[in-house]
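Asker: Got a structure for you, written out below as structure tokens; questions coming shortly.
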Amino acid sequence: MQDEAFRLVGTPRCGGILVVADHASNRVPADIDLGIAPALLMQHIAVDIGVGEVAGRLARLPGFAAFLCNVSRLVCDCNRDEGAGAIIPIASDGHAIPGNALTPAQRESRLDRFFRPYHAALARQLDATPVSLILSLHSFTPQLADKPEEKRPWQVGVLYNEDDRAARAAIPFLAAEGLIVGDQQPYSGKLLNATMNRHAEAEGRPYLGIEIRQDEIGDEAGQAAWAERLARVCNAVAIAIGDQESAGNRAAGEKMECNPRSA
């Protein structure tokens, strides 16, 4: 399924795992001129490098599907609260985005075209096919552009806000893979977690926020290795969370069901 604002890859399964990637695309619609050099669309300011490819590989595995934003974060950053100024950035990483100097009416039109349909479709998908785990997938640069001498040592970071169920299960699994794992590094989910706050935390859905360092997934070999690794880790996390919930339901005398939510 594909729309201007989003793409759904694979077939979602009840009780499966849905990969959500807000920054998977560097696409800029033909009728939008950002006023930037085309080369910038291949950099982190425009797209989470490697994430779309990893998500696509995961979506081909049994029990996985992927819900991906279909435009660049420079067009509309869907991992923001709707009132945030950076939702349509006028500058990013020191680069001006002159095409985003919009009037209030133009801003509303951009949100109506991309941001609101993206989140409405994601909400419908999660209601229609309840999953055991949401994998929120992003990537990060090996160093900041303004501090190239300060290397980021983490190969993968785990982010979360208030709900850390999946994070606590995932961190030891990832460490057991021999990885350098950042707990709320290089970013904190307390600050950058808008999509998961809205669709997971607010609804009580377990989610795992993952940031992969871009040099880990910059080529096909790395993308394949990380898709296989994340499939293994996510399945283990989903089972661990499911065991916890089943024990709680049994204690309460409740029966677990997997039914679509009512509209």
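All residue numbers for the sequence shown refer to the numbering used here, where the first residue is 2 and numbers rise by one. Using N, Cα and C, we set each Cβ at its ideal position, and we do this for glycine too. Quick caveat: nothing in here was measured; it's all calculated off a predicted structure.
#1: Taking the alpha-carbon positions, what's the A129 to L123 distance?
#2: Just to check my reading of the structure: I89 and R111 have Cβ atoms closer than 8 Å, yes? What is that Cβ distance to the nearest angstrom?
#3: Mind checking C269: buried by the 16 CB within 10 Å criterion, or exposed?
#4: Which residues share a DSSP beta bridge with S137?
#5: Assuming F65 contacts V21 under a Cβ cut-off of 8 Å, what Cβ separation, rounded to an integer in Å, is found between them?
#6: Can you tell me the Cα-Cα spacing of E5 and P207, whole angstroms?
#7: What whole-angstrom Cβ distance do S137 and I240 have, given they're in contact under 8 Å?
#8: Looking at the secondary structure, which residues open and close the alpha helix (DSSP H) in which P173 lies?
#9: Taking a contact to mean a Cβ-Cβ separation below 9 Å, would you say I213 touches H139 in this structure?
#10: For Q144 and G243, I'd like the C-alpha separation in whole angstroms.
#11: Going straight from the alpha carbon of K256 to that of N236, what length do you get?
#12: Cα separation between A60 and A167?
#13: Residues in its own chain within less than 7 Å of Q245 by CB, not counting five upstream and five downstream?
#14: May I ask you to check if the CB of N236 is nearer than 8 Å to at least one heavy atom of the ligand PLP?
#15: Cα separation between A48 and L41?
#16: How many angstroms separate the CA atom of H96 from the CA atom of P187?
#17: So, are the CB atoms of L134 and V238 less than 9 Å apart?
#18: My output table needs one value for A253: the three-state DSSP class, helix, strand or coil.
#19: Please say whether A201 and D165 have beta carbons closer to each other than 9 Å?
#20: I'd like to check one pair, Q215 with I46: are the Cβ atoms closer than 9 Å?
#21: What does the alpha-carbon distance come out to for the pair A31 and G205?
#22: Rounded to a whole number of angstroms, what is the C-alpha to C-alpha distance between A87 and V234?
#23: Could you compute how far the alpha carbon of E217 sits from the alpha carbon of G223?
Answerer: Reading from the atomic positions:
#1: C-alpha separation (whole angstroms): 10 Å.
#2: I89 to R111, Cβ: 6 Å. Contact.
#3: No answer is possible for residue 269: it lies beyond the span of the chain, which begins at 2 and ends at 264.
#4: Beta-bridge annotation (DSSP): S137 is paired with V21 and G210.
#5: Separation of the CB atoms of F65 and V21 is rounded to 12 Å, and the pair is thereby denied contact status at 8 Å.
#6: Linking E5 to P207 through their CA atoms gives a straight-line distance of about 28 Å.
#7: No, S137 and I240 are not in contact; Cβ-Cβ is about 19 Å, not under 8 Å.
#8: Element bounds for P173: R166 to A176.
#9: The answer is yes: Cβ separation under 9 Å.
#10: C-alpha separation (whole angstroms): 37 Å.
#11: Below a pLDDT of 50, predicted positions are generally treated as unreliable, and K256, at 49, falls in that range; the measurement from the model is reported next regardless. Near 22 Å, if we compare the C-alpha coordinates of N236 and K256.
#12: Our two residues, A60 and A167, have alpha carbons roughly 20 Å apart in a direct line.
#13: Leaving aside the five residues that flank Q245 on each side, none in its chain has a CB nearer than 7 Å to its CB.
#14: As for the ligand PLP, it is missing from this structure, which has no ligand bound.
#15: For the record, residue 48 in the displayed sequence is Val; it is not Ala. Approximately 10 Å, taken between the alpha carbons.
#16: About 22 Å.
#17: Yes. Within cutoff.
#18: Any answer about A253 is weak, because its pLDDT of 48 lies below 50 and its placement is not dependable; what the coordinates show is given next. It is helical.
#19: The answer is no: Cβ separation not under 9 Å.
#20: Cβ distance not < 9 Å, so I46 and Q215 don't count as in contact.
#21: For A31 and G205, the distance between alpha carbons rounds to 38 Å.
#22: If you take the alpha carbons of A87 and V234, they lie about 32 Å apart.
#23: Their backbone Cα atoms lie some 6 Å apart in a straight line.
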